[in-house]
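Engineer:
Protein chains: 2
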Amino acid sequence: MARASDVADRLHSVAIRVLRHAREADREAGIGPARLSALSVLVYGGPCTISELASAEQVSLPTMTRIVQGLEQFSLARRKASPADARSSIVAPTAKGNALLQRARNARLRRIEALLKSAKTEDVARLGDALAAVFGV
Amino acid sequence: MARASDVADRLHSVAIRVLRHAREADREAGIGPARLSALSVLVYGGPCTISELASAEQVSLPTMTRIVQGLEQFSLARRKASPADARSSIVAPTAKGNALLQRARNARLRRIEALLKSAKTEDVARLGDALAAVFGV
DNA sequence: ATAGTTAGTTAGCCTAACTAACTATATGTC
DNA sequence: GACATATAGTTAGTTAGGCTAACTAACTAT
């Protein structure tokens with residue numbers, strides 16, 4: 462029976478391998494990783510403030526200000542005034558931002574799927590079950 | 462039976478979650494992510510040239526030149542002339558670099574282990590087995 | 001010898017992270 | 001109502017880390 466520390470180790474190297482492979486697909490997105498990741502929070506989590514974005518992405522407020530400015534520059538997100546608080550603004554993805562994110566995400570998933578191609582189907586299925594059991598995804 | 466595309470999706474979000482959590486530990490390392498990652502190649506893969514490092518890390522040659530300069534600055538790695546090729550130099554970790562990397566790696570693994578704490582022991586074990594079966598780790 | 005390739009560096013540009021210091025708005029207390 | 005304080009966000013400046021282009025030095029093949 463594998464110890465938790467062994468599993469942590471395996472999970473660590475697999476996570477590195479998987480994301481490194483997936484990230485290769487991001488080059489075609491025409492947008493940097495920080496912007497892409499923030500956009501994904503907007504698309505899947507819905508519109509939110511700069512502060513909320515910053516804490517979701519674990520970066521400082523000024524950093525998120527710039528990331529959002531970058532997204533606005535390329536019309537991938539827009540801001541509107543918050544009805545509740547004049548200091549805040551609400552950031553939301555545009556249709557273009559939504560589309561870009563979907564494309565980027567699919568490209569990533571195709572990459573990861575390719576990594577699984579060489580493994581036995583039932584091992585992959587077991588991995589899926591185990592991930593669901595442990596992480597609830 | 463889970464389809465490969467579902468498993469890819471789960472693997473994607475788990476990998477993001479795991480590495481985001483692990484990365485929090487890196488702040489205490491006192492060294493940036495690119496340097497830390499290059500150092501780990503040196504420690505686990507053994508001494509190698511700038512070019513080999515660059516291709517292992519999937520960055521350009523000039524980028525790796527700078528990363529190695531950073532490592533040298535903090536005495537985490539040293540270079541010596543290649544005996545075979547006067548154009549090349551061999552980069553190797555110092556004792557300090559080795560120690561720093563071990564500490565950083567252990568801190569990461571402890572973080573990931575903490576993520577597994579809330580899951581059932583047998584589910585974690587199954588995850589370990591599945592990772593081994595699919596990725597050979 | 002010389003033409004071409006390879007290893008690495010330098011220069012210059014961008015993104016993305018930080019802290020410190022600022023503005024503007026909210027809020028709580030007297 | 002006025003003042004102190006907290007909060008949301010921006011601006012300024014630094015550093016790390018990514019790129020391409022252009023270069024030098026050294027190796028290789030003809």
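These protein sequence lines map, in sequence, to chains A and B. What the first sequence shows, in the working numbering, is residues 462 to 598, in sequence order. What the second sequence shows, in the working numbering, is residues 462 to 598, in sequence order. Backbone N, C-alpha and C fix where the C-beta goes; we use that ideal spot for every residue, glycine too.
(1) Against chain B, does alanine 553 (chain A) count as a neighbour if the rule is that its beta carbon must be under 8 Å from one of theirs?
(2) What would DSSP say about serine 512 (chain A), mapped onto helix, strand or coil?
(3) Who pairs with alanine 538 (chain A) in a beta bridge, going by DSSP?
(4) So, at 7 Å on beta carbons, what are the nonlocal neighbours of valine 479 (chain B) in its own chain, with the 5 sequence-adjacent residues on each side left out?
(5) Under 8 Å: do the region 506-513 of chain A and the region 545-557 of chain A share three or more Cβ pairs, one atom per stretch?
(6) Which residue's Cα is closest to the Cα of alanine 560 (chain B): B:Tyr505, B:Gln530 and B:Ser466?
(7) With DSSP collapsed to three states, give me the class of glutamate 485 (chain B).
(8) By a C-beta neighbour count over all protein chains shown, 10 Å radius and 16 as the cutoff for buried, is serine 501 (chain A) buried or exposed?
(9) Going straight from the alpha carbon of leucine 472 (chain B) to that of alanine 483 (chain A), what length do you get?
(10) Which of helix, strand or coil does DSSP assign to arginine 448 (chain A)?
(11) Flag this pair as touching only if the region 525-541 of chain B and the region 488-496 of chain B have three or more C-beta atom pairs under 8 Å; answer yes or no.
(12) So which residues of chain B does valine 479 (chain A) contact, with C-beta pairs closer than 8 Å?
(13) So is leucine 562 (chain B) buried or exposed if we call it buried at 16+ other beta carbons inside 10 Å?
(14) Could you pull the start and end residues of the alpha helix (DSSP H) that alanine 495 (chain B) belongs to?
(15) Give the straight-line distance between the Cα atoms of arginine 540 (chain B) and glutamate 583 (chain A), rounded to the nearest whole angstrom.
(16) Give the straight-line distance between the Cα atoms of serine 543 (chain A) and leucine 570 (chain B), rounded to the nearest whole angstrom.
(17) Note down, in chain order, every chain B residue with its Cβ under 7 Å from the Cβ of aspartate 590 (chain A).
(18) Could you check which residue in B:Asp487, B:Asp467 and B:Gly507 has the C-alpha nearest to that of arginine 564 (chain B)?
(19) Evaluate glycine 589 (chain A) with the Cβ neighbour count: other Cβ atoms within 10 Å of its Cβ, from every protein chain shown; 16 or more gives buried, anything less gives exposed.
(20) Any Cβ of chain A within less than 8 Å of the Cβ of serine 516 (chain B)?
(21) Can you tell me whether proline 523 (chain B) is buried or exposed? The criterion is at least 16 other CB atoms within 10 Å of its CB, across all chains shown.
(22) Output yes or no for whether 8 Å exceeds the beta carbon distance between valine 475 (chain B) and phenylalanine 596 (chain A).
(23) Can you round the beta-carbon distance between alanine 568 (chain A) and proline 554 (chain A) to whole angstroms, since I take them to be within the 8 Å contact cut?
(24) Just the C-alpha distance for alanine 580 (chain B) and aspartate 470 (chain A), rounded to the nearest angstrom, thanks.
Structural biologist: On the basis of the data shown:
(1) Along the first sequence, read from residue 1 onward, the residue named residue 553 (chain A) stands at position 92. Alanine 553 (chain A) has a beta carbon lying at 8 Å or more from every beta carbon in chain B.
(2) Your numbering for residue 512 (chain A) matches position 51 in the first sequence. It is helical.
(3) By 1-based counting over the first sequence, the position of residue 538 (chain A) is 77. Its beta-bridge partners are A:Pro554.
(4) In the second sequence, residue 479 (chain B) corresponds to position 18, counting from 1. Closer than 7 Å at the Cβ level, and outside the excluded window around valine 479 (chain B), lie Ile573 and Leu576.
(5) Contact holds: three or more Cβ-Cβ distances are below 8 Å.
(6) Along the second sequence, read from residue 1 onward, the residue named residue 560 (chain B) stands at position 99. Of the candidates B:Tyr505, B:Gln530 and B:Ser466, the one whose C-alpha sits nearest the C-alpha of alanine 560 (chain B) is B:Tyr505.
(7) For the purposes of this step, residue 485 (chain B) is taken as the residue at position 24 of the second sequence. Three-state result, glutamate 485 (chain B): helix.
(8) Numbered from 1 along the first sequence, position 40 holds the residue referred to as residue 501 (chain A). Under this definition serine 501 (chain A) is a buried residue.
(9) One-based indexing of the second sequence puts residue 472 (chain B) at position 11. One-based indexing of the first sequence puts residue 483 (chain A) at position 22. The alpha-carbon atoms of leucine 472 (chain B) and alanine 483 (chain A) are separated by roughly 11 Å.
(10) Because chain A is modelled from 462 through 598, residue 448 (chain A) falls outside the range shown and cannot be assessed.
(11) Using a C-beta cut-off of 8 Å, the region 525-541 of chain B makes contact with the region 488-496 of chain B, since at least three inter-stretch Cβ pairs fall below that distance.
(12) As a first step, residue 479 (chain A) is located in the first sequence; it is residue number 18 there, counting from the start. Residues of chain B passing the Cβ test: Leu472, His473 and Ala476.
(13) Taking the first residue of the second sequence as position 1, residue 562 (chain B) is located at position 101. Counting Cβ neighbours within 10 Å, leucine 562 (chain B) comes out buried, since at least 16 surround it.
(14) The residue given as residue 495 (chain B) occupies position 34 in the second sequence. First-last of the alpha helix (DSSP H) with alanine 495 (chain B): 494-506.
(15) The residue you call residue 540 (chain B) lines up with position 79 of the second sequence. The residue you call residue 583 (chain A) lines up with position 122 of the first sequence. Answer to the nearest angstrom: the Cα atoms are 47 Å apart.
(16) Your numbering for residue 543 (chain A) matches position 82 in the first sequence. Your numbering for residue 570 (chain B) matches position 109 in the second sequence. Going from the Cα of serine 543 (chain A) to the Cα of leucine 570 (chain B) covers about 41 Å.
(17) Here residue 590 (chain A) refers to the residue found at position 129 of the first sequence. Per Cβ cutoff of 7 Å: Ala463.
(18) Numbered from its first residue, the second sequence carries residue 564 (chain B) at position 103. Nearest C-alpha to arginine 564 (chain B): B:Asp487.
(19) For this step, residue 589 (chain A) is matched to residue 128 along the first sequence. Classification for glycine 589 (chain A): buried.
(20) Taking the second sequence and counting its residues from 1, the one referred to as residue 516 (chain B) is at position 55. Not closer than 8 Å to any Cβ of chain A, the Cβ of serine 516 (chain B) fails to qualify, so no.
(21) By 1-based counting over the second sequence, the position of residue 523 (chain B) is 62. Proline 523 (chain B) is exposed by the Cβ-count criterion.
(22) The residue given as residue 475 (chain B) occupies position 14 in the second sequence. The residue given as residue 596 (chain A) occupies position 135 in the first sequence. Yes, Cβ-Cβ distance for valine 475 (chain B) and phenylalanine 596 (chain A) is below 8 Å.
(23) Locating residue 568 (chain A) in the first sequence gives position 107, counting from the first residue. Locating residue 554 (chain A) in the first sequence gives position 93, counting from the first residue. About 18 Å; that fails the 8 Å criterion.
(24) Mapped onto the second sequence, residue 580 (chain B) falls at position 119. Mapped onto the first sequence, residue 470 (chain A) falls at position 9. Answer to the nearest angstrom: the Cα atoms are 16 Å apart.
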